[in-house]
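Worksheet: one structure, shown below.
Okay, structure coming up:
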């Protein structure tokens, strides 16, 4: 009987506070839409730092950017939290394809993150295409051994929420080199994990099992994959892979950037909102996840600009190394556990700075009900979907170790997998109003959680 | 007691059909997302025809495009419906600004649609800035006479639904030349009716009262307007306007393009879905409203591809001349009235091919309730908002004359007023998934209206 009772209480108290909350929601949105700085701040990150893979000099510059703009919000305190991160370097790379009796032709490609290249040497081998895992498993051993396996699995476009399509397809990026190497393949090419109707290849993380030889893995764009598919259907195709990418031996000292507004009533109770500061080493990491960083900073700015003194302590965190290690998220969790911090709620924004549509929640049902009791307040801001079970990568470590409720911003997902992890993830593909609205919704959610002491 | 009763009946019958409808909704969405051709068709329109103002040779080419792709759906019949339209020609134009003792410098500008230019001559005059209508009215006559009035009204960014901001600001485009001319002003410059954080000027329609001299009107982009605002605050500013734009004396014969699938049970009952084929004479008219045309065609294609034989007759209409005359919409109404056609519902898609969020309705409450009874069916496709009172310009004539219920697709509105009526309204700023989802929702709505005989 506990859950219904709590939900009923939430519903009973809600109407009394709705009017005031509604006014504050409007103030927060006005501040974001009329005076928001997140779009301008993101432009600085994208255009003066650009892409910023963990461990790189650009990532170090991004830390400086984050510290500067976090301080500019007027936050009570801003600090850097050390995290040692891996440093994967791409170097030069190329992919040449020969169809039938034709000449070798260059194909635009990206090695997958964390993968080991060919040591700069040319790896030439016949290409064998498979449509999915089952087809790969059905191949006779001699069709795999010494070959480059082309995993031609298509991102399912029929899911309206594209993260479902990503969840379905991403195993081909992550696991195919291990599967192929275990059977003696020489290399792997994948159709990019992408909804794009274009030729931008998408990089992204992969991992080798300890038991296999590290063979190279490259992604090609959807248009190139369409061509390669046709060639493979009509005759013998071979490829030349050449790449220098490899994981550096030494970890690099890097940092999470943290800004904080101290709670007025419960200074020891912390609500965290964060995105990740690192990106892949292509494009500008604009939607993934410069957007989330700029929004997290904006939450603090909105609080200070409106003179809101939150009951709980509000922290914005720019996590380092989400893309290939989550070392920043782990460092944040380690520190919180060591200091015996009290965390009320952790929130992530790492699905792009698109128009907000929902709030993802990974928490108990009675905790979800506490937020859902206020769902009508979010409706004027386009937020209606509270059904998605989602927290975030960066906050997963602290969430698990401290058994915390986690939430996330759920923006419109249609464009995200056209852009992310590509050279096309640039500032120009972020819309100022969409980005600001997302920041407003995060500030609204935090306002509710803090002022109504929901957690 | 009538309204509640009807609503209750709708709710009672709904659950019984929900399961079947839900399956059909999914089939429609799958067809659009997996096999949709609207994005490819739109590309052809944008890249081989481009912009296409009413009366222009490009508009004539667009009619050919529309007829071709309408026929390609396998529609039962496709025809052209004549409409005589105005032809406004831009010609050459320039705007030079001199601030203080400086030199004249060129500023990017667009004359407003339907306006009369300077006849190619240079109009040089001091510039007087006003923030809004009230400020203009408060100006002494000598501050207006012979001057170029700069209406520096800002598009309100605080409205989440940007069409509200448009409704608020668009009078400055439409009415300011008449107001200024009535007091002897020589010309008008306006801050573009735009949410854009950029320097794209937005054109769009204006009209002179019959009682005033036709003075020129030009729009400048937001960044240029910011500069001009600063200059005007700090000293004397003058402008040189030069433009050849004018309305041609003769109307031009043009056409609506209509495709139809005949109803199986009620062939005489018609549901119309349409967008407009003309655009302004800049950019590619991609979001405004190539998107709506491609979606309307796609609705017929989805019906034919899935083998749905609708009970009602379904018509897709590509209206001509929405932007500066609505002559196509009037011709459609004239024809319907003359032929005593029976129209059940008219639907417009002219708010861009962005992610769908709602269905606008201009109809009686009991009619709205019939659609709302099925609202949960739309939720998996991101459509949750049934609160907006909105039909469309093209369908307004038939709606009024035949007293019809009207509906519209309400997509996410954040990016529309960055793009529309500018050189930046190009195919590259349309997303394939967003466009297709919108088409799916239109087909779903029509499916409900036809198969459940809602109107």
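Residue numbers (the numbering used here), protein chains in the order written: chain A, 561 to 1015; chain B, 561 to 1015.
Quick reminder that beta carbons are idealized off the backbone N, C-alpha and C, glycines included.
Q. Nearest-angstrom Cα distance between residue 625/A and residue 945/A?
A. 33 Å
Q: Give the DSSP bridge partners of residue 859/A, in chain order.
A: Residue 859/A pairs with nothing; no bridge assigned.
Q) Would you report the Cα separation of residue 604/A and residue 915/A, rounded to the nearest angstrom? A) 21 Å
Q. Since residue 642/B sits in a beta bridge, which residues does DSSP pair it with?
A. 815/B
(Q) Do residue 686/B and residue 1055/B count as a contact pair if the criterion is CB distance below 8 Å? (A) One cannot answer for residue 1055/B here, as it falls past the ends of chain B, which runs 561 to 1015.
Q) Run through DSSP, which three-state label would residue 567/B get? A) Residue placement at residue 567/B cannot be trusted, given a pLDDT of 47 that sits under 50; the coordinates are not used to answer.
Q: Determine which residues of the stretch 576-589 of chain B have a Cβ less than 8 Å from any Cβ of chain A, and write them out in chain order.
A: 589
Q.
For residue 578/A and residue 934/A, I'd like the C-alpha separation in whole angstroms.
A. 8 Å
Q | Residue burial classification, residue 700/B (beta-carbon count within 10 angstroms, cutoff 16) | A | exposed
(Q) If contacts are defined as beta-carbon pairs under 8 Å, then residue 777/B and residue 750/B qualify, I think. What distance do you get, rounded to the angstrom? (A) 7 Å
(Q) Can you check which of these residues, 726/A, 882/A and 741/A, is closest to residue 973/A by C-alpha distance? (A) 726/A
Q. Where do the ends of the beta strand (DSSP E) carrying residue 779/B lie?
A. 777-780
(Q) Does chain A have any CB closer than 8 Å to the CB of residue 982/B? (A) no
Q. What is the residue span of the alpha helix (DSSP H) that residue 961/B lies within?
A. 953-962
Q) Going by C-alpha distance, which of 783/B, 689/B and 998/B is nearest residue 794/B? A) 689/B
Q) In terms of residues, what are the limits of the beta strand (DSSP E) holding residue 875/A? A) 872-879
Q | Secondary structure of residue 675/B, DSSP reduced to three states | A | coil
Q: Flag this pair as yes or no: are the beta carbons of residue 598/B and residue 858/B separated by less than 8 Å?
A: yes
**Q.** Residues in the stretch 894-920 of chain B having any Cβ partner in chain A nearer than 8 Å
**A.** 915 and 917
Q: Compute the distance between the beta-carbons of residue 1005/A and residue 851/A, then report whether it is under 8 Å.
A: no
Q) Do the stretch 800-818 of chain B and the stretch 670-686 of chain B meet, that is, are 3 or more Cβ pairs less than 8 Å apart? A) yes
Q.
According to DSSP, is residue 1013/A part of a helix, a strand, or is it coil?
A. coil
Q: Determine which residues of the stretch 976-1010 of chain A have a Cβ less than 8 Å from any Cβ of chain B, and write them out in chain order.
A: 978, 991, 992, 993, 994 and 997
Q: With DSSP as the reference, label residue 760/B as helix, strand or coil.
A: coil
Q) Listing by chain order, which chain B residues have their CB less than 8 Å from the CB of residue 757/A? A) 599 and 992
Q | Interface partners of residue 664/A on chain B, CB under 7 Å | A | Within chain B, no residue comes near residue 664/A; the closest Cβ sits about 31 Å away, beyond 7 Å.
Q | Backbone secondary structure at residue 993/B - three-state DSSP | A | helix
Q.
For residue 912/A, tell me which candidate among 767/A, 581/A and 845/A has the shortest Cα-Cα distance.
A. 845/A
Q: Taking residue 925/A and residue 953/A to be in contact with their CB atoms under 8 Å, please state how far apart those CB atoms are, rounded to whole angstroms.
A: Between residue 953/A and residue 925/A the Cβ distance is about 23 Å, and since that is not below 8 Å, they are no contact.
Q: Determine the burial state of residue 824/A: buried for a count of at least 16 other Cβ atoms within 10 Å of its Cβ, exposed for fewer.
A: exposed
Q: Pull up the distance between the alpha-carbon of residue 720/A and that of residue 949/A, whole angstroms please.
A: 16 Å
Q) Under the three-state reduction of DSSP, which class applies to residue 595/A: helix, strand or coil? A) helix
**Q.** Under 7 Å (Cβ pairs) to chain B, residues found in the stretch 713-732 of chain A
**A.** 717, 718 and 720
**Q.** chain A residues whose Cβ lies nearer than 7 Å to that of residue 593/B
**A.** 717 and 718
Q) In chain B, which residues lie with their C-beta within 8 Å of the C-beta of residue 941/A? A) 720
Q | Cβ of residue 974/A within 8 Å of any chain D Cβ | A | Considering every chain present, this structure includes no chain D. Its protein chains are A and B.
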